[in-house]
Amino acid sequence: MATVSVIIPVHNVEKYLRKCLESCCTQTLPDVEVIVVNDASPDHSAEIMREYRQRFPDTVRCLYLNENIKQGGARNRGLDIAKGEYVTFVDGDDYIAPDFCEMFYKQAKNRHADIIYGYFQNITEDGVMHGTPCPHAIAGLSREENINLINVSPVALLIKRTFFKNKNMRFPEKIVCEDIATTALWLLNASKVLYIDMVLYYRTIHSASMTQNVSLWSQRCYLAAIEYLFEKLVIMNLYVQYKYWVDTYILRNILVAIKNVYQYYHCDFQGFCNYARHILQRVKPDWANNGSIRRYLHPHMICFLKEIESGNCLYEGAAIRFERLTRSTENLYDCFQDELSQLLAWLNQQGCTKITVWGCGEHGRPLIKTLSGMGVEFKVTDKSEHLCGKVLPTGQMIANFADIVQQTDAILVTSHDYFKAIRREAQTYGNFIILNIYLYIKTGIAPKEVLTLYDSSDDFDYHTCI
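With full-length UniProt numbering, letter number 368 in the sequence shown gets 368, and the count goes up by one each step, no holes.
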């Protein structure tokens with residue numbers, strides 16, 4: 001039996017294929033088999049495959065498909081004939097380190113893992129390395145937490161071959177972006193998942209790379225993969241168990257697709273939002289009731305999900321709305337008036353009727369604008385002394401906090417980064433309810449529960465957003 005089966009889907013990568021095959025065929029681990037699947041590639045990749053089959057007859061196995069079934073289909077065909085104890089996938093324009101298979105295989109065998117994740121390195125055609133985009137330094141987190149952090153591309157990993165058979169795991173075929181669904185399914189189905197702190201996979205970044213080629217069709221495939229993931233999890237009876245984390249993963253990726261279309265395919269943005277709305281209603285009609293979602297989504301993105309759900313983004317000006325929500329904070333809190341009303345009602349129940357907004361910068365002014373529009377009376381202060389005495393467009397004068405202590409029993413802090421420092425300073429003046437408005441909006445949970453997050457907020461990345 002082979003130790004590792006390296007499966008390589010090939011389509012229009014003749015420029016990079018030799019380097020890829022050379023790296024895979026010269027692994028330090030014995031008994032590695034290299035399965036190269038030509039996905040009806042119109043270039044000269046087939047000739048290169050035959051060349052390496054002749055050079056490494058005991059290592060290389062070649063398949064030639066008559067129909068282009070995309071990477072997912074090509075990987076499935078490779079899995080059908082794989083004989084290795086473990087399987088890994090390498091894209092035809094990427095390459096791996098000589099000891100890739102050996103290092104991963106030893107870790108998997110010694111620690112009895114179904115899946116081993118590692119790092120990959122992005123490298124441009126001129127050899128310039130970029131930072132590793134895959135945040136795998138997450139070994140201490142649960143699998144449901146990891147679903148929102150792992151790289152979705154099925155590379156830089158090793159998987160036990162029997163896992164595919166026992167769990168009936170296949171790639172969706174004839175679409176791109178299929179890995180959006182598959183890697184999440186693997187993670188939630190595996191008995192044991194491990195991470196190793198090694199960079200042994202090198203991903204070539206070039207203009208023709210499929211992952212860089214954003215089109216309307218590819219992003220529709222992106223959404224189709226999300227729908228596929230949801231349906232598979234329901235069939236496997238896993239959705240209820242991992243609902244909160246899967247919902248967050250689904251919504252984040254819907255927003256990624258929308259952002260991609262906006263940036264690269266702007267002309268049909270409105271129509272794509274319509275399609276995204278269909279997927280949202282089909283897969284996650286109750287997303288707004290998921291309290292964990294906001295921990296992973298920027299408030300701007302929550303705003304736009306609300307726009308999609310309401311249908312506002314379907315009319316003329318959808319792109320302008322998206323631009324406003326993602327590039328400007330001016331109207332950030334306008335979509336959260338219900339949440340702000342609930343907060344004010346809760347503060348009133350606590351006997352807090354004298355409100356001070358602390359912070360009138362980029363994040364503070366949108367809150368001040370929205371609260372003013374709601375008819376709320378409040379004071380405004382800021383740490384920057386040079387702002388004190390200035391009058392805001394909404395009519396409030398920025399005061400030194402020491403001067404308005406007696407007129408304050410609750411403080412809404414608008415800066416997440418400086419919240420703890422502001423809280424310490426405010427507490428030197430007395431006891432107040434001091435609430436991080438950023439966390440309140442992001443988490444969507446009750447104000448009392450937000451207060452319990454403060455001491456642990458250093459341990460959670462509330463800035464994780466697209």
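The C-beta atom is built at its ideal place from N, Cα and C for all residues, glycine as well.
Around the Cβ of TYR440, a 10 Å sphere holds 16 or more other Cβ atoms; the residue is buried. Contact check for ILE235 against ILE279 fails: the beta carbons are separated by 9 Å or more. Proximity of the region 347 to 360 to the region 403 to 417 meets the contact definition, three or more beta-carbon pairs being nearer than 8 Å.
A distance below 7 Å between beta-carbons, with the five flanking residues on each side excluded, links LYS369 to the following residues of its chain, in chain order: THR394. Short of 6 Å from the beta carbon of LYS354, and not among the five residues preceding or following it, lie these beta carbons of its own chain, in chain order: GLN407, THR408, ASP409.
Per DSSP, PRO366 is one residue of the alpha helix (DSSP H) stretching across 364 to 373. Secondary structure at ASP80: helix, using DSSP grouped into helix, strand and coil. SER5 carries a strand assignment under DSSP once its states are collapsed to helix, strand and coil. As for any alpha helix (DSSP H) of minimum length 4 sitting wholly inside the region 155 to 188, the runs are 161 to 166, ordered along the chain. Per the C-alpha coordinates, the member of THR3, LYS15, PHE230 positioned closest to ASP93 is LYS15. Between LEU79 and ILE115, the C-beta spacing is not below 9 Å. The criterion of a C-beta distance shorter than 9 Å is satisfied by LEU194 and TYR117. Taking one beta carbon from each stretch, the region 332 to 344 and the region 385 to 392 have fewer than 3 pairs nearer than 8 Å; the two do not touch.
Assigned with DSSP and collapsed to three states, GLU67 falls in coil, not helix or strand. With fewer than 16 other Cβ atoms inside 10 Å of its own Cβ, ASP403 counts as exposed. Within the model, the alpha-carbon separation for GLY73 versus LYS174 is close to 7 Å. A Cβ-Cβ contact shorter than 9 Å links ASP43 with VAL13. Residue environment: GLU425 is assigned as exposed (fewer than 16 neighbouring CB atoms within 10 Å of its CB, all protein chains considered).
LYS379 is bridged by DSSP to THR356. A residue is called buried once 16 or more other Cβ atoms fall within 10 Å of its Cβ, and VAL36 is buried on that count.
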